[in-house]
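See below for the structure under consideration.
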Amino acid sequence: MDLLADAAYHHQLAKQHPQGYEASRSARASVVASCLSIECLANCLLSTIDVNGPLASEVDKMSALGKIDIFLLLRGLEAIDRGGSAAQQAAELIKARNDYVHPKISTFPADLKPFEESETHFVLPFTVNAEFWPALKIPKQSLVWDSTASGRALRAVASFFSSILIDRLGASKDDLAKLIMPRVEFAHFAMPAVYEEYVVELGKLATDQIDFSFLQLQ
Numbered sequence: 001m002d003l004l005a006d007a008a009y010h011h012q013l014a015k016q017h018p019q020g021y022e023a024s025r026s027a028r029a030s031v032v033a034s035c036l037s038i039e040c041l042a043n044c045l046l047s048t049i050d051v052n053g054p055l056a057s058e059v060d061k062m063s064a065l066g067k068i069d070i071f072l073l074l075r076g077l078e079a080i081d082r083g084g085s086a087a088q089q090a091a092e093l094i095k096a097r098n099d100y101v102h103p104k105i106s107t108f109p110a111d112l113k114p115f116e117e118s119e120t121h122f123v124l125p126f127t128v129n130a131e132f133w134p135a136l137k138i139p140k141q142s143l144v145w146d147s148t149a150s151g152r153a154l155r156a157v158a159s160f161f162s163s164i165l166i167d168r169l170g171a172s173k174d175d176l177a178k179l180i181m182p183r184v185e186f187a188h189f190a191m192p193a194v195y196e197e198y199v200v201e202l203g204k205l206a207t208d209q210i211d212f213s214f215l216q217l218q
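Take 1 as the starting number for the sequence shown in the UniProt record's numbering and just add one per residue.
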């Protein structure tokens, strides 16, 4: 939940800065949090089933989607449909995360404009022709991520989470609390650690047609 709320928060910051470094900085923080939320979901789901010993070590090495497959199969459900839109977008979010933490030199076209000179510095305007992830429709180059990219990443996360938690598992509010909500557990009871900021930040996404209401935070 923290990652979803962080992604939503930084998306709003990116929207406040249509261009420039501040927009890119906030968009990167949002997209990366969205990417990490997929793996976090996988680990949360796996933590609810009894996998121990050498098998647990092997499962931990699997991809996020592979972990979710294991969870679904052990629950008597079919594995993820890799051809579905939600799964394709989730897979691209995972690839985007991997590319971000394992940066490589890449070359892509750019259109340079004439120098602009002021009293204190030179400016070299340019536009970049970025390559896009086909399902997500966001640039592969994090340099040019903006609020459009962070919004599309969040929309993809909402779609994937809903497809697993609601469409496949039919999770109730209590089920969601056990599966993905942070909580503090004592000897005989558990106390949810759901902050008001979760509700506020995820609620703001409705203006961008991004719907996390299925999490039933209220």
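We put the beta carbon where it would ideally sit given N, CA and C, even for glycine.
As the structure is a computational prediction, the values presented were derived from the model and not from experiment.
DSSP-derived helix/strand/coil call for PHE132: strand
ARG75 in three-state terms, based on DSSP: coil
Sheet register partners of MET191 (DSSP bridge): VAL184
Exposure of MET191, with buried meaning 16 or more beta-carbon neighbours within 10 Å: exposed
Spatial neighbours of PHE161 in its chain, beta-carbon cut-off 7 Å, leaving aside the 5 residues before and after: LEU41
Option in ILE70, ALA64, LEU36 and THR127 with minimal Cα separation from VAL51: ILE70
Cutoff 8 Å; reference ARG152; Cβ partners in own chain excluding five residues on either side: LEU136, LYS137 and ILE138
VAL31 versus PHE189: straight-line alpha-carbon distance, rounded: 35 Å
Simplified DSSP assignment, three categories, for GLU116: strand
Classification of ALA187 by the beta-carbon crowding that lies within 10 angstroms, buried from 16 upward: exposed
Nearest-angstrom Cβ-Cβ length linking SER24 and TRP145, presumed shorter than 8 Å: 6 Å
Given LEU45 as reference, the closest of LEU73, ASP6 and ILE180 once Cα atoms are compared: ILE180
Limits of the unbroken alpha helix (DSSP H) element including LEU46: 21-46
Straight-line gap, PRO182 to ASP211 (C-alpha atoms, nearest Å): 20 Å
Environment of VAL6 [buried if 16+ CB atoms lie within 10 Å]: For the record, residue 6 in the displayed sequence is Asp; it is not Val. Buried is the call here.
Straight-line Cα distance separating VAL157 from ALA168: Note on residue identity: the sequence assigns Arg, not Ala, to residue 168. Using only the alpha carbons, I get a separation of about 15 Å.
CB of ALA14 within 8 Å of CB of ALA33, strictly: no
LEU165 versus GLN218 - alpha carbon distance: 17 Å
Check whether ALA96 and SER163 have beta carbons under 8 Å apart: no
Distance, ILE68 Cα to ARG82 Cα: 12 Å
Three-way DSSP call (helix, strand, coil) for VAL59 in this model: helix
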